[in-house]
Amino acid sequence: MKRVVSVFFCLIFSLSALMLRLYSLSTSGVVRSAGTGSTLTVEVASGRGFLYDRIGLPFVNTRAQTVAAAAPLAQTMQVLREACTPEDFSEARFRLEKGLPAVVPLLRDAAGEGIFTVRRPIRYAEPFLIEHLAGYCDSTGHGVCGLEKSFDALLGTRSCTVTYDVDATGRVLCGGNTRLSDGGLWSPRGVQLTLEKRLQAAVREAMLSSRIRKGAAVLLDAQTSDILAMVSLPEWDAAHPENSLRDKDSPFLNRALNPVSVGSVYKIIVAAAALENGVPETFRYTCTGETVQDGVTFHCHLHAGHGAQNMAQAMANSCNPWFIHAARQIPIDAILDLSWRLGLGSSVTLADDIVCGAGVLPDSAELQSDAARANIAFGQGRLTAAPLQIAAATAACVNGGIYHEPRLICALYDDQGRRTQTELSAGERVLRSDTSDTVRELLVYAAAQTERLTFKDCGGKTATAQSGFYRDGVEQLNTWYSGFFPARQPQYVLTVFCEDGDSGASDCLPVFGKIAQEICKNP
């Protein structure tokens with residue numbers, strides 16, 4: 304009986320040792336049967352497909368680190384000792400002395416028998432310009448959100464591996480056959496965006512150097528509404544997203560796609576609707592500093608009033624009473640219908656996991672009272688829209704009257720670099736060309752009257768909107784500037800938004816001017 308027990312425990316011990324050995328091998332690579340012998344496959348590097356800008360420059364995989372896969376040969380020790388950090392060499396030496404291959408990052412070139420070197424892509428190298436659009440991946444290499452999730456199957460996960468012949472214990476066989484497979488690690492497969500890297504960097508730099516701490520900026524092609532740049536603040540680190548999970552400022556929120564109260568930038572649309580429905584730009588109203596509608600008093604920001612004004616003067620002065628009375632000249636449905644055709648109240652899908660919120664466009668049933676109509680005439684009440692929506696609406700109002708839904712994806716690439724282009728919308732006419740011309744001139748005039756705007760070859764409109772949210776008894780304000788440049792033949796539309804700001808003129812106008820000046824200086 305004692306002998307049986309002894310044999311039993313010997314078997315248990317042997318099986319346990321074998322299981323531990325198999326576990327050790329499983330953490331080092333993949334062991335496979337290879338005829339009469341076995342092989343060990345070790346992953347040297349992994350990566351995913353590219354995200355390109357509109358001229359083909361990559362946003363990801365822009366840097367690389369050289370790593371070595373070293374076989375357990377005597378001569379590899381000295382080579383690695385001189386080519387990597389002491390800590391990395393210590394870990395590599397531990398494996399090599401056990402007859403196992405080692406993968407180690409290099410500080411300098413290393414060459415010799417039994418050493419394969421590979422350039423391992425660094426996906427999110429600083430400064431990473433598009434974290435809010437790109438999203439990030441989980442520990443398995445799959446996309447969690449944003450473009451990484453939307454195109455997870457296309458971007459994929461590629462692995463560069465080295466396969467060694469090993470003996471029954473898993474030790475590398477000297478003189479065995481060693482094979483390197485790059486796995487398409489640097490394949491051109493990927494997604495091409497409408498963004499332009501140079502413009503994205505310029506917009507980001509202007510936003511980071513401004514007084515805006517929470518906000519967004521959207522730069523569109525004025526003729527097509529292709530998104531050329533999109534920045535949201537605060538930023539977060541795509542390589543270490545866990546560091547921002549508890550940030551009270553919600554850095555993961557893409558504020559460019561988040562609807563909020565818009566205030567006076569909506570006057571661009573009200574002016575366009577008025578012109579389309581027979582109200583001339585010469586229409587005059589005398590602002591006394593306030594107007595009463597259904598017993599509700601609406602104040603002008605200039606308490607003494609602006610006096611008699613036409614449309615251009617009212618736009619430049621951002622006079623609420625003038626716009627309230629101009630809106631009374633036309634059916635409320637005319638304003639709402641134009642707003643709808645300009646994209647307000649409708650979501651915009653940029654990719655499967657990137658959607659601009661629809662916001663709130665009230666219906667006419669909600670706006671039967673004079674007070675409710677007065678509120679929406681200067682962009683208040685329940686009306687909300689995202690910076691992307693305001694930018695696209697502004698583009699249609701100044702580009703001749705054609706609305707294009709904003710676009711982010713322009714092409715896909717396969718492993719051979721073959722390009723499949725996405726369809727560009729023909730657009731929809733929403734305004735007469737003469738109406739668009741007049742709105743453009745109104746906004747050019749408004750910009751010319753703005754002392755804080757040093758860049759003058761542009762047009763645009765400020766806004767300071769009540770948000771309905773309070774902190775310490777003080778209502779937080781949403782501040783805006785939406786405009787275009789150059790003034791006479793708009794190529795770009797730029798909308799800048801600040802959450803919890805002071806005024807559109809102090810928060811957003813300087814950012815607009817800095818970006819416009821930089822782009823026009825370096826076209």
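Numbering (our numbering), first residue to last: 304 to 826.
Glycine residues also receive a C-beta, built at the ideal position from the N, C-alpha and C atoms.
Check: Kindly list the residues whose CB is nearer than 6 Å to the CB of Ala542, restricted to its own chain and excluding five residues on each side of it in sequence; keep chain order.; Outcome: Tyr427
Check: If you draw a straight line from the C-alpha of Gly402 to the C-alpha of Glu390, how long is it?; Outcome: 19 Å
Check: For Tyr716, which residues of its own chain have a beta-carbon under 6 Å away from its beta-carbon, when the five flanking residues on both sides are left out?; Outcome: Pro491, Arg492, Gly493, Arg722
Check: Compute the beta-carbon to beta-carbon distance between Ala373 and Val407, rounded to the nearest angstrom, for a pair I have assumed lies under 8 Å.; Outcome: 7 Å
Check: For the 8 Å Cβ check, are there 3 or more pairs between the segment 645 to 657 and the segment 776 to 790?; Outcome: no
Check: Give the DSSP-derived three-state secondary structure of Trp783 in the structure shown.; Outcome: strand
Check: Can you tell me whether Cys622 is buried or exposed, with buried defined as 16 or more other CB within 10 angstroms of its CB?; Outcome: buried
Check: Between the C-alpha atoms of Val705 and Leu691, what's the straight-line distance to the nearest angstrom?; Outcome: Inspection of the sequence shows that residue 705 is occupied by Ile rather than by Val. Looking at the two C-alpha atoms, the distance is approximately 16 Å.
Check: Decide if Ser785 is buried, meaning its Cβ has at least 16 other Cβ atoms within 10 Å, or exposed.; Outcome: buried
Check: Taking its Cβ as the centre, do 16 or more other Cβ atoms sit within 10 Å of His604, making it buried, or is it exposed?; Outcome: exposed
Check: Could you give the distance in angstroms between the alpha-carbon of Asp356 and the alpha-carbon of Ala750?; Outcome: 31 Å
Check: What's the call for Glu434, buried or exposed, on a 16-neighbour Cβ count within 10 Å?; Outcome: buried
Check: Per the contact definition of three or more C-beta pairs closer than 8 Å, is the segment 556 to 566 in contact with the segment 672 to 691?; Outcome: yes
Check: Please report the Cβ distance between Gln495 and Leu432, rounded to the nearest whole angstrom; I am assuming they are in contact, meaning their Cβ atoms lie under 8 Å.; Outcome: With a Cβ gap of about 15 Å, Gln495 and Leu432 do not count as contacting.
Check: Give the single residue among Gly598, Glu593, Gln616 whose Cα lies nearest to the Cα of Ala607.; Outcome: Glu593
Check: Could you tell me which whole alpha helix (DSSP H) segments of length 4 or greater appear in the segment 405 to 480?; Outcome: 434 to 437, 449 to 453, 455 to 458
Check: How should Gln272 be labelled, buried or exposed, when 16 other C-beta atoms within 10 angstroms of its C-beta is the threshold for buried?; Outcome: This structure cannot speak to residue 272, because the chain is shown only from 304 to 826.
Check: Let me make sure I understand the geometry here. Which of Val347, Glu744, Arg735 has the alpha-carbon closest to that of Leu641?; Outcome: Arg735
Check: Using a Cβ-Cβ cutoff of less than 8 Å, which residues in the same chain neighbour His628 once the five nearest sequence positions on both sides are dropped?; Outcome: Tyr588, Thr594
Check: Measuring alpha carbon to alpha carbon, tell me which residue in Leu531, Gly352, Ala575, Gly771 is nearest Leu639.; Outcome: Ala575
Check: Rounded to whole angstroms, what is the Cα-Cα separation between Tyr439 and Thr767?; Outcome: 34 Å
Check: Taking DSSP as the reference, what is the three-state secondary structure of Arg549?; Outcome: coil
Check: Beta-carbon within less than 6 Å of Pro375's beta-carbon, same chain only, minus the 5 sequence neighbours each way: which residues are those?; Outcome: Leu399, Gly402, Val475
Check: Let me check one thing: in DSSP terms, what residues is Glu802 bridge-paired to?; Outcome: Asn781
Check: Here's the rule I'm using: 16 or more other beta-carbon atoms within 10 Å means buried, otherwise exposed. How should Ile358 be labelled?; Outcome: exposed
Check: Would you mind working out which of Leu523, Thr472, Lys517, Leu780 sits nearest Leu797, comparing C-alpha positions?; Outcome: Leu523
Check: Can the beta-carbon of Arg411 be found less than 8 Å from the beta-carbon of Ala386?; Outcome: yes
Check: What residue does the beta strand (DSSP E) around Asp524 start on, and which one ends it?; Outcome: 518 to 524
Check: Under the three-state reduction of DSSP, which class applies to Ser649: helix, strand or coil?; Outcome: coil
Check: Just verifying my parser: in three-state terms, what is the DSSP assignment at Leu328?; Outcome: Low confidence applies to Leu328: its pLDDT is 37, below 50, so where it sits in the model is not reliable, and the reading given next is rough at best. Residue state, collapsed to three classes: helix.
Check: Starting from Lys764 and walking both ways along the beta strand (DSSP E), at which residues does that stretch end?; Outcome: 762 to 774
Check: Name the one or two DSSP bridge partners that Ser484 has.; Outcome: Thr464
Check: Under the rule that 16 or more other beta-carbon atoms within 10 Å means buried, what is Lys500, buried or exposed?; Outcome: buried
Check: Can you give me the Cβ contacts of Asn613 inside the same chain, cut-off strictly under 8 Å, excluding the 5 residues immediately before and after it?; Outcome: Glu584, Thr585, Phe586, Arg587
Check: At which residues does the alpha helix (DSSP H) containing Arg501 begin and terminate?; Outcome: 500 to 511
Check: Return the chain-ordered list of same chain residues with a C-beta closer than 8 Å to the C-beta of Gln378, the five sequence neighbours on each side being excluded.; Outcome: Gly415, Glu416, Gly417
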